[in-house]
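> Going left to right, the sequence shown walks through residues 561 to 631 as this note's numbering numbers them. In this text, a Cβ means the ideal position worked out from N, Cα and C, and glycines have one as well. In this text, all values refer to a predicted model and were calculated from it rather than measured experimentally.
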Amino acid sequence: LLFVPCVGYGPGGYRLGYGGGFYDRTLATLQPSPYTVGLGYTQGYLDDFEPEPHDLPLDGILNDNGVVWPV
């Protein structure tokens, strides 16, 4: 289980971080792949978020309202 910080997040469990793709590159190298949960705020949800090609979806999001599973 790996908790990942989110500045924002969008449909499908894609996260917006601080830029640079550090978490995505690191997660892509881990074997076996960990179960990933993003930590963010409800206000961080972005309907129109467009993931980059290197972005990896999270397995779940934990925000101030509870757990949100990717749509």
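Which of helix, strand or coil does DSSP assign to Gly570?
The answer is coil: DSSP assigns Gly570 none of H, G, I, E or B.
> I need the boundaries of the alpha helix (DSSP H) containing Thr586, first residue and last residue.
Run containing Thr586: 582-589, per the alpha helix (DSSP H) assignment.
> Can you look up Gly604 in the DSSP assignment and give me helix, strand or coil?
Three-state result, Gly604: helix.
> Quick check: the Cα distance between Pro611 and Tyr574, rounded to an integer number of angstroms?
Cα-Cα distance, rounded: 6 Å.
> Kindly give me the distance between the Cβ atoms of Asp619 and Asp584, rounded to whole angstroms, as I take these residues to be in contact under 8 Å.
Rounded, the Cβ-Cβ distance is 14 Å, inconsistent with contact.
> For Val628, which residues in the same chain have their Cβ closer than 6 Å to its Cβ, ignoring the five residues on either side in sequence?
Same-chain partners within the cutoff: Ile621.
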